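In our numbering, the protein residues as written are 8 to 267.
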Amino acid sequence: MTAVLPRAVDLNADLGEGFGAYRMGDDAALLDVVTSANVACGLHAGDPEIMAETFRLAKAGGVTVGAHPGFPDLWGFGRRVLPYSAGEIERLVAYQIGAAAALSALAGHPIAYVKLHGALANLAVVDPDVAAASVRAIKAVDASLACLAIAHGKQERLARDAGLHTYSEVYADRGYQDDGSLMPRNRPGAFIHDPAEAVERACRMVEAGEIVSVGGKTLPTSVDSICVHGDSPTAVVTARLLAERLAAEGVAFAPFAGKP
Numbered sequence: 008m009t010a011v012l013p014r015a016v017d018l019n020a021d022l023g024e025g026f027g028a029y030r031m032g033d034d035a036a037l038l039d040v041v042t043s044a045n046v047a048c049g050l051h052a053g054d055p056e057i058m059a060e061t062f063r064l065a066k067a068g069g070v071t072v073g074a075h076p077g078f079p080d081l082w083g084f085g086r087r088v089l090p091y092s093a094g095e096i097e098r099l100v101a102y103q104i105g106a107a108a109a110l111s112a113l114a115g116h117p118i119a120y121v122k123l124h125g126a127l128a129n130l131a132v133v134d135p136d137v138a139a140a141s142v143r144a145i146k147a148v149d150a151s152l153a154c155l156a157i158a159h160g161k162q163e164r165l166a167r168d169a170g171l172h173t174y175s176e177v178y179a180d181r182g183y184q185d186d187g188s189l190m191p192r193n194r195p196g197a198f199i200h201d202p203a204e205a206v207e208r209a210c211r212m213v214e215a216g217e218i219v220s221v222g223g224k225t226l227p228t229s230v231d232s233i234c235v236h237g238d239s240p241t242a243v244v245t246a247r248l249l250a251e252r253l254a255a256e257g258v259a260f261a262p263f264a265g266k267p
């Protein structure tokens with residue numbers, strides 16, 4: 008049976024991930040392609056000036072914005088697991104949502120959703136306490152904010168159970184383990200560097216409605232949004248090729264936030 012293609016899918020990228028004079032990725036170019044921008048909130052990357060500028064550019068381009076909270080780990084770019092309790096994680100996430108809400112309001116382009124970053128996001132896939140802490144933080148700060156969660160994870164299920172508008176995300180440029188979690192970056196197959204291969208994988212996930220693990224296991228899933236990592240040197244090429252490929256197949260790009 009042929010899968011029914013969705014009429015539209017979101018394309019998101021992690022942006023605003025520089026710090027001070029240091030820049031990460033080509034945010035301006037990506038904002039010409041993506042429909043949603045996950046903006047770093049100042050702990051794993053970003054600062055008030057970079058956040059404000061990213062929100063301004065996103066508004067000018069008509070790109071939906073969300074908060075992208077992570078561990079307070081500038082040195083490790085938020086990709087190291089830090090020993091925080093569930094309560095501390097709840098407060099860290101709330102703190103960062105507040106920062107993003109304030110600066111996006113200042114830019115006249117309020118955030119619409121929250122997406123966790125790096126090690127914190129990966130923990131929320133498998134650890135119910137971390138997932139629940141993040142969900143409590145979102146709901147307490149602003150229950151109207153959507154939750155963009157990695158497909159098949161604990162956070163996705165708990166966010167739905169809590170009544171948050173919840174959307175499923177897959178990654179064009181990352182490999183999956185058999186349980187649906189992302190392959191650790193120090194293992195073979197963790198990151199897809201070839202834009203053509205990343206696009207092929209993403210299109211298969213959208214068209215078939217399933218994730219394919221590095222080991223070949225298939226996991227059925229809805230696909231509301233596709234992520235391309237903004238810090239990757241091939242991010243812009245991958246995003247453009249993906250937009251062109253899906254458009255050719257009749258799939259438009261549109262923000263997931265605000266969908267019923």
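The beta-carbon is built from N, C-alpha and C at its ideal position, and this holds for glycine as well.
Since the structure is predicted, the reported quantities are computational estimates derived from the model, not experimental observations.
Quiz item: What is the DSSP secondary structure of His210, counted as helix, strand or coil?
Solution: Within the sequence shown, residue 210 is the residue found at index 203, counting from 1. With the sequence shown as reference, residue 210 is identified as Cys, and His is not the correct amino acid for it. Cys210: helix per DSSP, three-state reduction.
Self-check item: Exposure of His51, with buried meaning 16 or more beta-carbon neighbours within 10 Å
Solution: Here residue 51 corresponds to residue number 44 of the sequence shown, with the count starting at 1. His51 is buried by the Cβ-count criterion.
Self-check item: Own chain, CB closer than 7 Å to His75, minus 5 neighbours either side, in chain order
Solution: In the sequence shown, residue 75 corresponds to position 68, counting from 1. Counting only Cβ-Cβ distances below 7 Å, and skipping sequence neighbours, we find Asp21, Asn45, Val46, Ala47, Cys48, Lys122 and His124.
Self-check item: Range of the contiguous alpha helix (DSSP H) that encloses Ile57
Solution: Taking the first residue of the sequence shown as position 1, residue 57 is located at position 50. For Ile57, the enclosing alpha helix (DSSP H) starts and ends at Pro55 to Gly68.
Quiz item: Exposed or buried, which one is Ser175 when buried takes at least 16 other CB atoms within 10 Å?
Solution: Taking the first residue of the sequence shown as position 1, residue 175 is located at position 168. By the neighbour-count criterion, in which 16 or more other beta carbons inside 10 Å mark a residue as buried, Ser175 falls on the buried side.
Quiz item: What are the boundary residues of the alpha helix (DSSP H) that Val132 is part of?
Solution: For the purposes of this step, residue 132 is identified with residue 125 of the sequence shown, where counting begins at 1. Gly125 to Val133 is the span of the alpha helix (DSSP H), which, as asked, contains Val132.
Exercise. Assign Ser229 to buried or exposed, taking buried as 16 or more other Cβ atoms, counted over all protein chains shown, within 10 Å of its Cβ.
Key: By 1-based counting over the sequence shown, the position of residue 229 is 222. It counts as exposed.
Quiz prompt | Boundaries (first-last residue) of the beta strand (DSSP E) holding Gly73 | solution = Position 66 of the sequence shown holds residue 73. Element bounds for Gly73: Thr71 to His75.
Quiz item: Does the beta-carbon of Glu24 have 16 or more other beta-carbons within 10 angstroms, so that it is buried, or is it exposed?
Solution: In the sequence shown, the residue the question calls residue 24 occupies position 17. That one is buried.
Quiz item: Ala35 by DSSP, collapsed to three states: which one?
Solution: Position 28 of the sequence shown, counted from the first residue, corresponds to residue 35. Ala35 falls in the helix class under three-state DSSP.
Practice problem: Measure the C-alpha to C-alpha separation of Pro267 and Lys146 and round it to an integer number of angstroms. | Solution: By one-based count along the sequence shown, residue 267 stands at place 260. By one-based count along the sequence shown, residue 146 stands at place 139. Residue placement at Pro267 cannot be trusted, given a pLDDT of 47 that sits under 50; the coordinates are not used to answer.
Exercise. Would you mind listing the alpha helix (DSSP H) stretches within the stretch 196-257 that are 4+ residues and don't spill past its ends, in chain order?
Key: If we require 4 residues or more, the alpha helix (DSSP H) runs fully inside the stretch 196-257 come out as 202-215 and 242-255.
Exercise. Tell me, please, whether the CB atom of His124 is closer than 7 Å to any CB atom in chain C?
Key: The structure shown contains no chain C; it holds only a single protein chain.
Exercise. Rounded to whole angstroms, what's the CA-CA distance from Gly32 to Thr241? Just pull it up for me.
Key: Counting from 1 along the sequence shown, the entry for residue 32 is found at position 25. Counting from 1 along the sequence shown, the entry for residue 241 is found at position 234. Rounded to the nearest whole angstrom, the C-alpha separation of Gly32 and Thr241 is 9 Å.
Exercise. Using a threshold of 7 Å, state whether the C-beta atoms of Leu171 and Cys154 are closer than that.
Key: Counting from 1 along the sequence shown, the entry for residue 171 is found at position 164. Counting from 1 along the sequence shown, the entry for residue 154 is found at position 147. Result yes, Cβ atoms of Leu171 and Cys154 sit closer than 7 Å.
Exercise. Give me the Cα-Cα distance between Ala138 and Ala131, rounded to the nearest whole angstrom.
Key: On the sequence shown, position 131 is the one that residue 138 refers to. On the sequence shown, position 124 is the one that residue 131 refers to. Rounded to whole angstroms, Ala138 to Ala131 spans 4 Å at the Cα level.
Exercise. State the Cα-Cα distance for the pair Phe78 and Leu99, rounded to the nearest angstrom.
Key: Residue numbering aside, residue 78 sits at position 71 when the sequence shown is read from its first letter. Residue numbering aside, residue 99 sits at position 92 when the sequence shown is read from its first letter. If I take the Cα positions, the gap works out to 8 Å.
Quiz item: Since Gly85 and Leu127 are thought to touch, with beta carbons under 8 Å apart, how far apart are those beta carbons, to the nearest angstrom?
Solution: By 1-based counting over the sequence shown, the position of residue 85 is 78. By 1-based counting over the sequence shown, the position of residue 127 is 120. Approximately 7 Å separates the beta-carbon atoms of Gly85 and Leu127; this is inside 8 Å, confirming the contact.
Practice problem: Kindly list the residues whose CB is nearer than 8 Å to the CB of Gly105, restricted to its own chain and excluding five residues on each side of it in sequence; keep chain order. | Solution: The residue you call residue 105 lines up with position 98 of the sequence shown. The answer, listed in chain order, is Val148.
Quiz item: Is the Cβ-Cβ distance between Ala250 and Ala15 less than 7 Å?
Solution: For the purposes of this step, residue 250 is identified with residue 243 of the sequence shown, where counting begins at 1. For the purposes of this step, residue 15 is identified with residue 8 of the sequence shown, where counting begins at 1. No, the pair does not count as a contact, with Cβ atoms beyond the cut-off.
Quiz item: Under 7 Å, do Ala264 and Ala119 count as touching if we go by C-beta distance?
Solution: Locating residue 264 in the sequence shown gives position 257, where the first residue counts as 1. Locating residue 119 in the sequence shown gives position 112, where the first residue counts as 1. Against a cut-off of 7 Å, the Cβ pair of Ala119 and Ala264 comes out as a contact.
Practice problem: Starting from the Cα of Glu95, find the closest Cα among Val88, Ala140, Met190 and Lys224 and give me that residue. | Solution: Taking the sequence shown and counting its residues from 1, the one referred to as residue 95 is at position 88. Nearest of Val88, Ala140, Met190 and Lys224 to Glu95, Cα basis: Ala140.
Quiz item: Which whole runs of the beta strand (DSSP E) in the stretch 95-168 are 3 residues long or more, in chain order?
Solution: If only uninterrupted beta strand (DSSP E) runs of at least 3 residues are considered, those enclosed by the stretch 95-168 are 153-157.
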